[in-house]
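Below is one structure; the comments refer to it alone.
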Amino acid sequence: MKVEVALAGRSYDVSIGAGVRHQLHSVLEERCPDYQLCVIVTSPSLLEEPWFDFVPEQNVHFVEVPEGEDAKRLEVLESVCEELAALNVSRSDVIVGVGGGAITDFAGFVAAVYLRGLRLIQVPTTLVGQVDAAIGGKTAVNLSSGKNLVGAFHQPVAVLCDDETLATLDLRDRHSGLGEVAKCWLLEGRDASEIPSTSLEQLIHLSVALKARIVSADEFEGGQRALLNYGHTLAHAIEALSLRRSRDELRHGEAVAIGLGFAARLAYALDRVDHSVVANHDDVLSRFGLSSAVPKELVTADIVAAMGHDKKARHDLTFVLAGPSGFETVTGIDERDVTDALEEFRGEK
Ligand SMILES: NC(=O)c1ccc[n+]([C@@H]2O[C@H](COP(=O)([O-])OP(=O)(O)OC[C@H]3O[C@@H](n4cnc5c(N)ncnc54)[C@H](O)[C@@H]3O)[C@@H](O)[C@H]2O)c1
Ligand SMILES: [Zn+2]
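Taking this note's numbering, the leading residue of the sequence shown gets 735, the next gets one more, and so forth.
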């Protein structure tokens, strides 16, 4: 299966399916015929995986970076750029990111800034990477003050989403990806009853197609792209509060699932939708095996404060919500309404 991300002069295909990683060589020849060196950015543990069997034998250099989020640091960027300089990497060469969202974000940022831009191919190997991170051109590293604060828009020339690589993924990372898939399923208005008969490849395809359509219409997040933040207002707040204690407490997609369950309730509380929308959200989440329970140890007032942390003065909040004319970004929601809906969602009143 193929999905095109259509961008004037910079369109590219996302290939989806079992074994598509083996297209790397042909994609290099087709999209980068003048390349001399292909620099594979990945982490040591991934190099050991059985599916790491698709790299051309010649004109390849491996750059190993720390695992997961530890790759997304400016120190790592500096040392990788020094490594590229020592190799005499030129503007005609290609960066290939192989890994989860952290590695594709990092490899993308290297490709965006080294020599002011190299061509980039992404081979995402987590579900989050395949349905979200590797598509759309957002690249970044973190600062200690916050995630993704240093970044650039830099589109790849191709993305290879091979579901065979997901066989070695751990269950929590799989769930995290399903949180984003559930978001896409709901944004597409699909019925929960179709989930059991939909294959993983079809779920990836549906999510990629939605993201590709939105990115093609709004590359730099001026409008429509914000819809992809459905479920994320609450998710970011509970993630921020949870991660303060333990990094492993809550995966991003698990938080998104909770945010989706709440967004339906908030839309209902604000008279934007009827109760069947809430019921469909719950059904979708449970069929994907996702929980929408807010972690008990978090205090409702703290969550609401975290949701409004950058808008304190205005005492209002922004959510993507379902409504009579579909999904839209709704600003100016009163903090009191959000608190009431959250207390009810948590069974506190
Ligand atoms: N650019 C974007 O638009 C965008 C969108 C969503 C998320 N992101 C970013 O993506 C990152 C999260 O990505 P993630 O959830 O993929 O986590 P991750 O990249 O941290 O990977 C999680 C773990 O899975 C391991 N792993 C990767 N592939 C594997 C495989 N096939 N088998 C076994 N283990 C494997 C990794 O080594 C890592 O330890 C965050 O940094 C987030 O900011 C970016
Ligand atoms: Zn997300």
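All C-beta atoms, glycine included, are put in the ideal place defined by N, C-alpha and C. Since the structure is predicted, the reported quantities are computational estimates derived from the model, not experimental observations.
DSSP lists no bridge partner for V847. The beta carbons of A997 and L1055 sit closer together than 9 Å. Closest in C-alpha terms to L975, from the list V1033, N1014 and E935, comes V1033.
When only Cα atoms are considered, G956 and K736 end up about 26 Å apart.
When DSSP states are grouped into helix, strand and coil, S1020 belongs to the helix group. Contact check for S760 and A805: beta-carbon distance about 28 Å, past the 8 Å limit, so the pair fails to qualify.
D896 counts as buried, since at least 16 other C-beta atoms from the protein chains shown sit within 10 angstroms of its C-beta. Spatial neighbours of I1037 in its own chain (CB-CB distance under 8 Å, excluding positions within 5 residues in sequence) are listed in chain order as L968, A971, I972, L975, V1028 and L1076. Short of 7 Å from the beta carbon of E898, and not among the five residues preceding or following it, lie these beta carbons of its own chain, in chain order: A752, G753 and W785. CA-CA distance, V884 to G1023, rounds to 34 Å.
Ranked by how close their Cα comes to the Cα of Y964, the residues L762, S879, L741 and C918 have C918 in first place.
By the criterion of at least three beta-carbon pairs nearer than 8 Å, the stretch 858 to 867 is not in contact with the stretch 792 to 808.
In this structure, S941 and V857 do not form a Cβ contact; the two beta carbons are roughly 17 Å apart against a cut-off of 8 Å.
Looking at the DSSP output, R853 sits in a beta bridge with V828.
Contact annotation, E803 with A841: C-beta distance approximately 14 Å; criterion of less than 8 Å not satisfied. Minimum Cα-Cα distance from L780 among the listed residues V832, C772 and I948 corresponds to V832. Taking C-beta atoms under 8 Å as the contact rule, V828 and Y769 qualify, at a distance of about 5 Å.
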